[in-house]
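Engineer: Before I ask anything, here is the structure I am working with.
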Amino acid sequence: MKLIKTADAVGTTLCHDITRIVRGETKGPAFRKGHVVKEEDVQILLSLGKENIYIWEDETGMMHENDAAEALCGMCRGANIARSEAKEGKIELSSMIDGLFKVNKEKMDEINALGQMIIAVRHGNFPVKAGDVLAGVRIIPLAIEESRMSAAKQLCSGSPILNVIPLKRKKVGVITTGSEVFHGRIADTFTPVIKEKLSEYGVDILKHAILGDDHEKITGTCIEMIDSGMDLVICTGGMSVDPDDRTPLAIQNTGAEVVSYGAPVLPGAMFMLAYYGGENTKIPIIGLPGCVMYAERTIFDLVLPRILADDPISAKDLSLLGHGGLCLSCTKCVFPNCGFGKGR
147 MKLIKTADAV
157 GTTLCHDITR
167 IVRGETKGPA
177 FRKGHVVKEE
187 DVQILLSLGK
197 ENIYIWEDET
207 GMMHENDAAE
217 ALCGMCRGAN
227 IARSEAKEGK
237 IELSSMIDGL
247 FKVNKEKMDE
257 INALGQMIIA
267 VRHGNFPVKA
277 GDVLAGVRII
287 PLAIEESRMS
297 AAKQLCSGSP
307 ILNVIPLKRK
317 KVGVITTGSE
327 VFHGRIADTF
337 TPVIKEKLSE
347 YGVDILKHAI
357 LGDDHEKITG
367 TCIEMIDSGM
377 DLVICTGGMS
387 VDPDDRTPLA
397 IQNTGAEVVS
407 YGAPVLPGAM
417 FMLAYYGGEN
427 TKIPIIGLPG
437 CVMYAERTIF
447 DLVLPRILAD
457 DPISAKDLSL
467 LGHGGLCLSC
477 TKCVFPNCGF
487 GKGR
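Per this note's numbering, residue 147 is the first one in the sequence shown, and the count goes up by one each step.
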């Protein structure tokens, strides 16, 4: 590209869009990339404050901003993601489905560190709706070195940075524990909360059992529910260190692989996650502490979308929730449009 005076630009080709902004009225392109400047365009360009403009000249080893944006979009765009037209070196990405948004943060950080190109995204590991904007990619200069784009592509080899995973309508079994509920001393107010949380994703409870604090019966019922075809088993209550709270022991005794008992999230510190079965049939069993029954948003809201998307959760994933893991219990809850669960 080459910088010339606007008065001398007649007959040359613009190498980028030129935007007209009228405050409170409009923002849009006055001229598009590739436009051949005419005599009558000169005064318009000058009125837009363009005393000088860039025109396109082929330059070895350089890529135009829109061509580079196309390349960067290709590195980012994975499953179930739509894209906009490239304009002024920018492309917007949006979800094609309701699902779980996944971001390879390590790759994204490495590319952003290269400079002269950016990937800006919403937080990953949260649910999105069809049509939701996910990300924007942009090239900063009007032209960028091909070598820089090649370095970015090398970092992205193997898989795209962004994906949307569809959520599954899992068959859910719920085990309500506690002698006070089992003997009818108090009403079961926990299960309705779980039902409401699941309904946000179109999922129903298909099996429900109310048990006392007998860990052997809880263990046996977990296994029975899985054997009957349940894809997810949720145990409510009995998760503290009190002597009568035996749910963690019961989950462990199913033979399931315990990922974690405890998570750096408040509310939800006494959360438990385990996976039952072999490599190809891992059924999540989760233990929910009492806070899920009365707090508006908890650890359950952070892990449920990932579980419904069959996105494996590791002990490290849970440990990283500490930064941002404190719910501020706002008077008016705006979750997920807040910092809860979005530390890293």
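By construction, the Cβ of each residue, glycine as well, lies at the ideal position given by its N, Cα and C atoms.
With a cut-off of 8 Å, do at least 3 Cβ pairs link the region 282 to 299 to the region 257 to 269?
Structural biologist: Enough Cβ pairs lie closer than 8 Å, so yes.
Engineer: Could you give the DSSP three-state label for residue 268: helix, strand or coil?
Structural biologist: If DSSP states are grouped into helix, strand and coil, residue 268 belongs with coil.
Engineer: Do you know whose CA, among 361, 442 and 464, lies nearest residue 103's CA?
Structural biologist: Nothing can be reported for residue 103: it is not among the residues displayed for the chain, which extend from 147 to 490.
Engineer: Measuring alpha carbon to alpha carbon, tell me which of 338, 280, 382 and 200 ends up nearest residue 307.
Structural biologist: When each option's Cα is compared against that of residue 307, the closest is 280.
Engineer: In the DSSP assignment, find the unbroken beta strand (DSSP E) run with residue 177 in it and report its ends.
Structural biologist: 172 to 177 is the span of the beta strand (DSSP E), which, as asked, contains residue 177.
Engineer: Within a Cβ cutoff of 7 Å, which residues of the same chain sit near residue 437, ignoring the five residues on either side of it in sequence?
Structural biologist: Closer than 7 Å at the Cβ level, and outside the excluded window around residue 437, lie 413, 414 and 444.
Engineer: Would you please state the rounded distance, in angstroms, between the beta carbons of residue 434 and residue 382? I believe it to be under 8 Å.
Structural biologist: Correct: roughly 5 Å between the Cβ atoms.
Engineer: Do residue 167 and residue 214 have their CB atoms nearer than 8 Å?
Structural biologist: For residue 167 and residue 214, no; Cβs fall outside 8 Å.
Engineer: Thinking just about the alpha-carbon of each residue, which of 410, 430, 409 and 374 is nearest to the one in residue 401?
Structural biologist: If we check each option's Cα against that of residue 401, 430 comes out closest.
Engineer: For residue 411, which of 282, 203 and 448 has the nearest alpha-carbon?
Structural biologist: Checked all of 282, 203 and 448; the closest Cα to residue 411 is 448.
Engineer: Whole beta strand (DSSP E) runs in the region 273 to 337 with 3 or more residues, listed along the chain?
Structural biologist: Segments of the beta strand (DSSP E) lying fully in the region 273 to 337: 279 to 285, 289 to 291, 308 to 312 and 318 to 323.
Engineer: Taking buried to mean at least 16 other C-beta atoms within 10 Å of its own C-beta, is residue 242 buried or exposed?
Structural biologist: Exposed, by the Cβ-count rule.
Engineer: Round the Cβ separation of residue 467 and residue 409 to the nearest angstrom and send it over; I've been treating them as touching at under 8 Å.
Structural biologist: About 6 Å separates the two Cβ atoms, so the contact holds.
Engineer: Between which two residues does the alpha helix (DSSP H) harbouring residue 415 extend?
Structural biologist: Segment: none, residue 415 is in no alpha helix (DSSP H) and carries neither H nor E.
Engineer: Taking only runs of the alpha helix (DSSP H) that begin and end inside the region 381 to 451, which ones reach a length of at least 4 residues, in chain order?
Structural biologist: Complete alpha helix (DSSP H) runs here, min 4: 393 to 398 and 437 to 440.
Engineer: Which partner residues of residue 236 appear in the DSSP bridge assignment?
Structural biologist: Per DSSP, 233 and 284.
Engineer: Give me the residue from 188, 245, 253 and 369 with the minimum Cα distance to residue 399.
Structural biologist: Comparing Cα-Cα distances from residue 399 to each of 188, 245, 253 and 369, the minimum goes to 369.
Engineer: With residue 349 and residue 315 assumed to form a contact (beta carbons below 8 Å), what rounded beta-carbon distance in angstroms separates them?
Structural biologist: Contact holds; Cβ gap of about 6 Å.
Engineer: I'd like to confirm the pairing. Which residues does DSSP put opposite residue 209 in its beta bridges?
Structural biologist: Partner(s): 290.
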